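Top line first, the protein sequences correspond to chains A and B.
First residue of the first sequence: 0, per numbering that gives the first Met the number 0; consecutive thereafter.
First residue of the second sequence: 0, per numbering that gives the first Met the number 0; consecutive thereafter.
Just so you know, even glycine gets a beta-carbon here, dropped at the ideal spot from N, CA and C.
Since this is a predicted model, take the numbers as computed values, not measurements.
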Amino acid sequence: MTEKQLDEVLEELGREHRAIDAPESLERVLYAAAESRKSAIAKPRTQFPWAWAAVAILLAVVTTGGIIWRSRQTHQPQTQQAHSLPAPNVSPGPLHSSPVTASQIVAPKAEPVPRAVNARAPLHHPSPPQAPTSSSLDAFVPLPASEGLPTAAELSIVRMRLRGSDLQQYGLQTPADALAQTMLAEFAVGEDGLPRAIRIVR
Amino acid sequence: MFERLGRKSLESELTDEQLHRSALAGRGEAIAALYKRHGGLVYRFTLRMSGNASIAEEITQEVFLALLTQIDRFDAARGSMSTWLCGIARRKLWKHLEHSKDALFDFEEHTAAELVCVNEGPAELLLRQEAIAAVRAGMDELPPLLREVMILCALEEMSYEQVAGILAVPVGTVRSRLHRAKARLAGLLRTEMADTEGERR
Chain A
0 MTEKQLDEVL
10 EELGREHRAI
20 DAPESLERVL
30 YAAAESRKSA
40 IAKPRTQFPW
50 AWAAVAILLA
60 VVTTGGIIWR
70 SRQTHQPQTQ
80 QAHSLPAPNV
90 SPGPLHSSPV
100 TASQIVAPKA
110 EPVPRAVNAR
120 APLHHPSPPQ
130 APTSSSLDAF
140 VPLPASEGLP
150 TAAELSIVRM
160 RLRGSDLQQY
170 GLQTPADALA
180 QTMLAEFAVG
190 EDGLPRAIRI
200 VR
Chain B
0 MFERLGRKSL
10 ESELTDEQLH
20 RSALAGRGEA
30 IAALYKRHGG
40 LVYRFTLRMS
50 GNASIAEEIT
60 QEVFLALLTQ
70 IDRFDAARGS
80 MSTWLCGIAR
90 RKLWKHLEHS
100 KDALFDFEEH
110 TAAELVCVNE
120 GPAELLLRQE
130 AIAAVRAGMD
140 ELPPLLREVM
150 ILCALEEMSY
160 EQVAGILAVP
170 VGTVRSRLHR
180 AKARLAGLLR
190 TEMADTEGER
200 R
């Protein structure tokens, strides 16, 4: 057999060979396999909504908690800041003295006690300095003279009557029309006898 | 009917890659369409190589199931899907041949296509049939490495590049193997013809 004859026979054999088709039974098997894969893919997808719902609930809880916490923070009494003339070394003369604890000052009073008066919180005088006027002394404000003093563990309230011009002695600004007025003020005095804060009662 | 129409359009319009993605998404029609396109090649190759229809069927099924699980490995830029599938089939086949050395050859039932040559007389037709049977038998005698090249190049009429892709060898190797296969086959046929003539005398 020559090479040409062999090629011819191979060509013939090739035609015969290519006439063979793949068995149809396999098509059905593969179809079923692919479909089962579809259901396998679909299963995790159906589980996703539950997972997402759980995540959403968790996020909602965290967000709500955050909002509540923030609103509580904003409703806490703000520290009033007093300042900032040089304070004379003058102590108020007591009219009436009653020893109380720091907690007593904070809790039962109708008017909020400034945090600076709290025994645990040190007094501070942040910038920018703006001297409080007598009209802004409805609540306790730290005295400039108390700057640098150690934190008082126990405070006493000392009530005294004084003139508006006397406030300047404690480093506080007084409006011109109030200079001549007499007013009743309360001083928060530490256990060392030094005043820490002041409040105008009347 | 709609399903049939859907199948037809799937088979004809979509590319192998698109069908591949559809099959991965779990569309039975897509894998069926891919099987219709390439199943024949894989089955014929495994059948001719193993000589056993059930082995060929088993390997073909494995190849297409692998298509469902290893779909990410197919890269259209590196070669056609038929090449890729044939490569998988070949690896599975070689593994199988390693385990069972005695491959059976019972695919005569699949090669019953009638030879129709109207210009030839009965004697010529008989001679041709004998020649084809001799070549077929000679191919089965070839070592697997040469046989697979003969099947893919001579019977499937694939290009050298395609066959090189399937066998994972350089094109030059394909050429030399094909040359060796044909030479070996011609030698086998000469011997057989000489034996037949001797018997006739």
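Once the 5 residues before and after residue i are set aside, which same chain residues still bring their CB inside 7 Å of it?
i, result
"residue 163 (chain A)", "133, 173, 177, 178, 179, 180 and 182"
"residue 165 (chain B)", "82, 85, 86, 89 and 151"
"residue 141 (chain B)", "149, 180, 183 and 184"
"residue 176 (chain B)", "144, 145 and 148"
Does DSSP put residue i in a helix, a strand or coil?
i, result
"residue 198 (chain A)", "strand"
"residue 150 (chain B)", "helix"
"residue 159 (chain A)", "strand"
"residue 63 (chain A)", "helix"
"residue 24 (chain B)", "coil"
"residue 137 (chain B)", "helix"
"residue 59 (chain B)", "helix"
"residue 186 (chain A)", "strand"
"residue 181 (chain A)", "strand"
"residue 168 (chain B)", "coil"
"residue 155 (chain B)", "coil"
"residue 171 (chain A)", "coil"
"residue 141 (chain A)", "strand"
"residue 15 (chain A)", "helix"
"residue 148 (chain A)", "coil"
"residue 154 (chain A)", "strand"
"residue 89 (chain B)", "helix"
"residue 128 (chain B)", "helix"
"residue 99 (chain B)", "coil"
"residue 145 (chain B)", "helix"
"residue 190 (chain B)", "helix"
"residue 50 (chain B)", "coil"
Distance, Cα to Cα, residue i vs residue j?
i, j, result
"residue 136 (chain B)", "residue 25 (chain B)", "43 Å"
"residue 111 (chain A)", "residue 184 (chain A)", "A caution first: residue 111 (chain A) carries a pLDDT of 40, below 50, which makes its placement in the model unreliable, though a value can still be read off. Roughly 16 Å between the two C-alpha positions."
"residue 187 (chain B)", "residue 153 (chain B)", "17 Å"
"residue 159 (chain A)", "residue 149 (chain A)", "24 Å"
"residue 200 (chain A)", "residue 175 (chain A)", "19 Å"
"residue 18 (chain B)", "residue 30 (chain B)", "7 Å"
"residue 194 (chain B)", "residue 8 (chain A)", "20 Å"
"residue 11 (chain A)", "residue 128 (chain B)", "10 Å"
"residue 16 (chain B)", "residue 27 (chain B)", "15 Å"
"residue 192 (chain A)", "residue 137 (chain A)", "23 Å"
"residue 151 (chain A)", "residue 54 (chain A)", "48 Å"
"residue 167 (chain B)", "residue 158 (chain B)", "14 Å"
"residue 61 (chain B)", "residue 36 (chain B)", "16 Å"
"residue 190 (chain A)", "residue 56 (chain A)", "52 Å"
"residue 72 (chain A)", "residue 59 (chain A)", "20 Å"
"residue 40 (chain B)", "residue 21 (chain A)", "8 Å"
"residue 80 (chain B)", "residue 121 (chain B)", "43 Å"
"residue 79 (chain A)", "residue 61 (chain A)", "Here the model assigns residue 79 (chain A) a pLDDT of 41, short of 50, so the residue's position is not dependable, and the following value carries that caveat. Their Cα atoms are separated by approximately 32 Å."
"residue 13 (chain B)", "residue 19 (chain A)", "24 Å"
"residue 88 (chain A)", "residue 70 (chain A)", "Here the model assigns residue 88 (chain A) a pLDDT of 44, short of 50, so the residue's position is not dependable and the matter cannot be decided."
"residue 113 (chain B)", "residue 48 (chain B)", "Bear in mind that the predicted position of residue 113 (chain B) carries a pLDDT of just 41, short of 50, making it unreliable; the figure below should be weighed with that in mind. Cα to Cα, the separation comes out at about 22 Å."
Would you say residue i reaches chain A, if we count a Cβ-Cβ gap shorter than 8 Å as a contact?
i, result
"residue 87 (chain B)", "no"
"residue 134 (chain B)", "yes"
"residue 172 (chain B)", "no"
"residue 177 (chain B)", "no"
"residue 181 (chain B)", "yes"
"residue 159 (chain B)", "no"
"residue 56 (chain B)", "yes"
"residue 80 (chain B)", "no"
Near residue i, which residues of its chain fall below 8 Å by C-beta distance, leaving aside the five closest residues on each side in sequence?
i, result
"residue 38 (chain B)", "59 and 63"
"residue 56 (chain B)", "42"
Are any of the Cβ atoms in chain B nearer than 8 Å to that of residue i?
i, result
"residue 52 (chain A)", "no"
"residue 28 (chain A)", "yes"
"residue 25 (chain A)", "yes"
"residue 9 (chain A)", "yes"
"residue 12 (chain A)", "yes"
"residue 19 (chain A)", "yes"
"residue 71 (chain A)", "no"
Among the options, whose alpha-carbon lies nearest the alpha-carbon of residue i?
i, options, result
"residue 223 (chain B)", "A:35, A:34, A:19 and A:29", "A question about residue 223 (chain B) goes unanswered here, because the residues of chain B that appear run from 0 up to 200."
"residue 179 (chain B)", "B:158, B:163 and B:146", "B:146"
"residue 6 (chain A)", "B:57, B:167, B:122 and B:149", "B:149"
"residue 170 (chain A)", "A:152, A:196, A:190 and A:35", "A:196"
"residue 3 (chain A)", "B:53, B:130, B:176 and B:169", "B:130"
"residue 23 (chain B)", "A:23, A:18 and A:31", "A:31"
"residue 144 (chain A)", "A:167, A:1, A:49 and A:35", "A:167"
"residue 68 (chain B)", "A:33, A:140 and A:51", "A:33"
"residue 17 (chain A)", "B:124, B:155, B:66 and B:171", "B:155"
Can you list, in chain order, the residues of its chain whose CB lies under 6 Å from that of residue i, leaving out five sequence neighbours each side?
i, result
"residue 133 (chain B)", "188 and 191"
"residue 21 (chain B)", "29"
"residue 186 (chain A)", "91, 157, 194 and 197"
"residue 75 (chain B)", "16"
"residue 188 (chain A)", "155, 157 and 194"
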